[in-house]
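**Student:** Dumping the structure here so I can ask a few things about it.
Numbering (our numbering), first residue to last: 23 to 294.
Right, here's the structure in full:
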């Protein structure tokens, strides 16, 4: 016997309430664990300051690198058909489903001292593992799909009429890209940067495997939470709350900024 309309609504409401409880209760538990005064007192501790500085530095560098390397690839995937395109798309998406520790081990085998590329890098005095650069590399590896997929979707959604109009004016492809494709795809590009930045900020498994957990050098906020959890629960909660605040700010930015740009460019054509 099928459910009535009211029954479906009731089941859906219960499921939604269960999900909200599952997500909200742990956050409430974090907030209630430490007082505002205690939180402020712990913010000045060296572990917190060093981990926060390193996290902001590496995640910003990773987001910039992802945008620089991912933008042309996203444009290529959105506008061209070529042999092996499916394989490239699978390779782009793979880090999203790959266990982070496996990703870290793969990076170590590729760029470690005896790795595929590590040996060549070693001959010119470059060693990546267990350095701050290794943190950025691990974050780029794990965060890139979030930007590339968002950018590709943005490029693919550009109205053909604008492209046809640019073609009739004999616009060169670089001009078409920067004056038409990028402005009209800007909401998706910014959302992708925000998501990749958030993913880099929260990266743990690949970082600890490839870069280690060296205070002031590779110990980011998530790694600081892990270390503090074994010694000082309140400090671990403080670090966690800082990460929650930054994640919320990024999500708010992802929701508000692209929407405002979409309304702007929805009312105006590109290049106006």
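For each residue, glycine too, the CB sits at the ideal point set by N, CA and C.
1. Using the Cβ count rule (16 or more neighbours within 10 Å means buried), how would you classify residue 64?
2. Roughly how many angstroms separate the alpha carbons of residue 87 and residue 49, rounded to a whole number?
3. Excluding five sequence neighbours on each side, which residues of the same chain lie with their C-beta closer than 7 Å to the C-beta of residue 134?
4. Residue range of the alpha helix (DSSP H) that residue 168 falls in?
5. State the DSSP-derived secondary structure class of residue 33, mapped to helix, strand or coil.
6. Are residue 85 and residue 215 close, meaning C-beta to C-beta below 8 Å?
7. Shortest alpha-carbon distance to residue 72 belongs to which of 156, 38, 240, 58?
8. Buried or exposed: which applies to residue 195, given that a residue is buried once 16 or more other Cβ atoms fall within 10 Å of its Cβ?
9. Note down, in chain order, each residue of its chain lying with its Cβ closer than 6 Å to the Cβ of residue 256, except the 5 sequence neighbours on either side.
10. Would you mind reading off the limits of the alpha helix (DSSP H) that contains residue 311?
11. For residue 108, report the span of its alpha helix (DSSP H) as first-last.
12. If you check the beta carbons only, do residue 68 and residue 227 fall under 8 Å apart?
13. Which runs of the alpha helix (DSSP H) at least 4 residues long sit entirely within the stretch 226 to 256? Give them in chain order.
14. So residue 161 and residue 80 are in contact, right, with Cβ under 8 Å, and what is the actual spacing, rounded?
15. On the three-state DSSP scale, how would you describe residue 199?
**Tutor:** By the coordinates alone:
1. Counting of Cβ neighbours within 10 angstroms places residue 64 among the buried residues, the total reaching 16 or more.
2. Cα to Cα, residue 87 sits roughly 31 Å from residue 49.
3. Taken in chain order, the residues that qualify are 140, 151.
4. Start and end: 154 to 178.
5. In the three-state DSSP reduction, residue 33 falls in the helix class (H, G or I).
6. Taking 8 Å as the Cβ cut-off, residue 85 and residue 215 qualify as a contacting pair.
7. Selected option, being the one with the closest Cα: 240.
8. It is exposed - the Cβ of residue 195 has fewer than 16 other Cβ atoms within 10 Å.
9. Correct list, in chain order: 56.
10. Shown here, the chain extends from 23 to 294; a query on residue 311 therefore has no answer.
11. For residue 108, the uninterrupted alpha helix (DSSP H) segment begins and ends at 107 to 119.
12. Their beta carbons are not under 8 Å apart, which means residue 68 does not touch residue 227 by this criterion.
13. Restricting attention to alpha helix (DSSP H) runs no shorter than 4 residues, the stretch 226 to 256 encloses them at 227 to 232, 243 to 251, ordered along the chain.
14. Correct: roughly 6 Å between the Cβ atoms.
15. Residue state, collapsed to three classes: helix.
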